[in-house]
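Chains as they are written, first to last, in the UniProt record's numbering: chain A, 1 to 252; chain B, 1 to 246. All residues carry an ideal CB built from backbone N, CA and C; glycine is no exception. Let me begin by presenting the structure, written as structure tokens, before commenting on it.
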Amino acid sequence: MIEVKNVYKSFDGVMVLKDISTRFVPGMTNLIIGRSGSGKTVLLKSILGLFEIDKGEIWYNDRNLVQMHEKERKKMRREVGMVFQGGALFDSLSVAANVRFPLDMFTTMTTKEKQNRVEFCLEHVNIEPAAYYLFPSEISGGMQKRVAIARAIALNPKYLFCDEPNSGLDPETATVIDKLIQSLTKEFQMTTLINTHDMNSVIEIGESVLFISKGEVGWQGANKDILQTGNKKLNDFIFANKLYAQMRKEDI
Amino acid sequence: MKFFFHVGRYFQMLKRVFGRPERHKMYIRQLFHEIDSLGVNSVWIVIIISIFIGGIMTIQFAYSMSNPIYPRTLIGLGTRDTLILEFSSTMLALIMAGKIGSNITSEIGTMRVTEQIDSLEIMGINSASYLILPKIVAVVFIFPFLFIISVFFGLLGGLVTGPIVGVISIPEYVEGIQWLFYPYYVTFSIIKSLFFGFLVASVPAYFGYHVQGGALEVGKASTQAVVNTNILILLFDLILTRLLLT
């Protein structure tokens with residue numbers, strides 16, 4: 001479980017996160033939603049320790065990230081898998097080599113074991129063997145995201161972080177990616193945090209949703225309740241899309 | 001103030017670069033890759049430039065020593081000493097700052113803006129060390145070889161060009177390049193090339209590693225890296241020449 005307690009973060013005197021407190025539950029897809037510039041990426045990167053917070057606590061089970069030394073943080077990060085917005089695959093490595101990279105770096109597996117693990121991960125994200133030796137520039141955006149997911153799960157992480165995993169993808173592929181993350185979360189019992197402003201993702205897989213508005217917690221709950229809240233800021237965010245406004249009317 | 005900020009951040013980066021590697025095997029693999037991509041791939045351009053410069057120098061020395069009072073052997077001697085003392089170490093480093101330096105900045109800078117460096121950090125890898133250390137070691141290792149290759153082909157360029165254009169005969173040229181030879185000049189230039197190799201790899205790596213923004217900023221960082229590396233090479237050339245030759 002990841003728990004965030006009273007977190008504050010500022011940049012050059014501008015407060016970006018204000019008193020954020022929340023819990024992210026294991027085995028669930030935890031979504032952080034909000035408008036662009038609301039502070040959700042800053043929150044995600046703060047939880048990862050890529051940004052140092054001004055005040056507050058970030059707990060990974062019984063370990064407080066804020067008090068960890070560099071060595072402890074490095075060790076902790078090996079329990080984390082991350083899917084970046086653009087995939088962030090290494091351009092100079094093939095699909096298979098990208099997935100094998102963390103195994104080469106941190107395990108003592110034999111070549112055969114690594115090969116098996118790479119195949120296992122790539123099969124899980126539905127990448128065909130024909131694509132294993134292609135380079136990132138030779139595959140589509142959707143495939144890059146799936147390879148990024150395969151790389152993120154290669155070391156069997158306890159925590160999976162995804163920064164806007166379906167941005168720039170067509171709705172069908174975006175749904176495939178969402179479902180894939182959700183099924184991997186269940187299968188490997190990971191604590192998954194997804195940063196998104198895509199309402200389709202919220203409706204499809206948002207078992208636990210945290211709405212951030214201007215750096216503060218605006219609302220927290222499950223996707224089944226999200227269309228019926230009286231929260232004005234949340235409603236403004238959701239019903240900017242007429243489709244959801246229509247859904248709400250039909251529900252009522 | 002900005003100057004001190006960059007100097008401080010450069011040394012902070014170097015501290016991380018020389019931190020303990022996570023997996024030696026991976027670093028060694030990366031080192032061989034860098035020796036090939038940064039060093040071996042530069043050999044052809046070094047050969048071509050050195051042949052032409054050697055030939056041009058021979059013609060220019062012959063022109064400036066056209067007075068019969070000067071022995072013709074001075075042409076070979078002048079070409080040799082200029083190649084050893086300045087061209088094959090300093091001028092070559094300036095050229096390599098353009099070729100290798102811009103390559104390093106754009107490669108690392110692109111990795112930064114596409115979050116590949118963040119990705120390494122998230123995995124718990126010291127990204128500065130993993131990306132930069134093999135490049136520094138590779139360039140420092142390859143530079144003395146490039147220096148030797150450059151001197152050899154520069155002298156060869158003079159040997160071919162001089163007799164073809166009729167400014168010097170082969171025996172005169174060969175005698176000249178052996179005349180008053182001080183092996184210390186070679187030692188001095190190899191020491192210089194080690195320093196320049198370090199600058200050519202580490203300064204562009206600094207600019208690439210700290211780039212912020214997108215493709216435009218990577219391009220700007222590349223230009224800045226080459227300009228700053230060139231200035232530092234010339235500054236160190238002056239310092240080392242003062243310390244080691246006088």
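Practice item. Give the interface partners of Pro-102/A over in chain B, defined as CB-CB distance under 7 angstroms, in chain order. Key: Met-123
Check your understanding: Got a sec: is the Cβ-Cβ distance from Leu-65/A to anything in chain B below 8 angstroms?
Key -> no
Exercise for review: Tell me whether Gly-56/A sits in a helix, a strand or coil according to DSSP, three-state version.
Suggested key: strand
Practice item. For Phe-84/A, go through chain B and note every residue whose CB falls closer than 9 angstroms to its CB, in chain order. Key: Thr-114, Glu-115, Gln-116, Asp-118, Ser-119, Ile-122
Exercise for review: List the endpoints of the continuous alpha helix (DSSP H) containing Gln-30/B.
Suggested key: Here the alpha helix (DSSP H) through Gln-30/B covers 24–34.
Check your understanding: Is there contact here, the region 179–194 of chain B with the region 146–155 of chain B, by at least three beta-carbon pairs under 8 angstroms?
Key -> Segments in contact, yes.
Point to revise | Beta-carbon proximity of Gly-158/B to Gly-55/B, cut-off 8 angstroms | key: Going by C-beta atoms, Gly-158/B is nearer than 8 angstroms to Gly-55/B.
Point to revise | Rounded C-alpha distance that separates Lys-40/A from Ile-33/A | key: 7 angstroms
Exercise for review: Reducing DSSP to helix, strand and coil, say where Asn-116/A ends up.
Suggested key: helix
Review point. If contact means a Cβ-Cβ distance below 9 angstroms, which residues of the region 99–125 of chain A contact chain B?
Key: Phe-101, Pro-102, Asp-104, Met-105, Phe-106
Exercise for review: Find out if the Cβ-Cβ distance for the pair Gly-215/A, Leu-17/A is shorter than 8 angstroms.
Suggested key: Yes, these two residues count as a Cβ contact at 8 angstroms.
Review point. Do three or more CB pairs link the region 62–81 of chain B to the region 195–213 of chain B at distances below 8 angstroms?
Key: no
Exercise for review: Compare the beta carbon distance of Phe-236/B and Phe-195/B with 8 angstroms and say whether it is the shorter of the two.
Suggested key: yes
Exercise for review: Could you check which residue in Gly-208/B, Leu-92/B, Gly-162/B, Ala-138/B has the C-alpha nearest to that of Leu-31/B?
Suggested key: Ala-138/B
Practice item. Give the residues of chain A in contact with Glu-22/B, contact being defined as C-beta atoms less than 8 angstroms apart. Key: Met-105, Phe-106
Check your understanding: Between the C-alpha atoms of Ala-88/A and Ser-119/B, what's the straight-line distance to the nearest angstrom?
Key -> 7 angstroms
Exercise for review: Specify, as a first and last residue, the run of the beta strand (DSSP E) that Gly-81/A falls within.
Suggested key: That run of the beta strand (DSSP E) goes 80–83.
Exercise for review: Assess, as a yes-or-no matter, whether the region 111–126 of chain B is touched by the region 5–15 of chain B under the definition of 3 or more beta carbon pairs within less than 8 angstroms.
Suggested key: no
**Study point:** Per-residue contacts from Ala-88/A into chain B (C-beta, under 8 angstroms)
**Key:** Thr-114, Glu-115, Gln-116, Asp-118, Ser-119
Review point. Hey, does Met-1/B have any beta-carbon neighbour from chain A nearer than 8 angstroms?
Key: Put simply, the CB of Met-1/B is far from chain A, with every gap to its CB atoms at 8 angstroms or more.
Practice item. Kindly say whether Val-176/A, judged by its beta-carbon, lies nearer than 8 angstroms to any beta-carbon of chain B. Key: no
Practice item. State the start and end residues of the unbroken beta strand (DSSP E) segment that holds residue 251/B. Key: With chain B running from 1 to 246 in the structure shown, residue 251/B is simply not present.
Check your understanding: Near Thr-90/B, which residues of its chain fall below 6 angstroms by C-beta distance, leaving aside the five closest residues on each side in sequence?
Key -> Asp-237
**Study point:** Through-space distance from Ser-88/B to residue 296/B, alpha-carbon basis
**Key:** The structure shown does not extend to residue 296/B, since chain B spans only 1 to 246, so no value can be given for it.
**Study point:** Run of the beta strand (DSSP E) containing Tyr-159/A, from where it starts to where it stops
**Key:** Counting along the chain, the beta strand (DSSP E) containing Tyr-159/A begins and ends at 159–163.
Review point. Between Asn-228/B and the ligand ZN, is the CB less than 7 angstroms from at least one heavy atom?
Key: Summarising the ligand content, the structure contains no ligands, and the ligand ZN is consequently not present.
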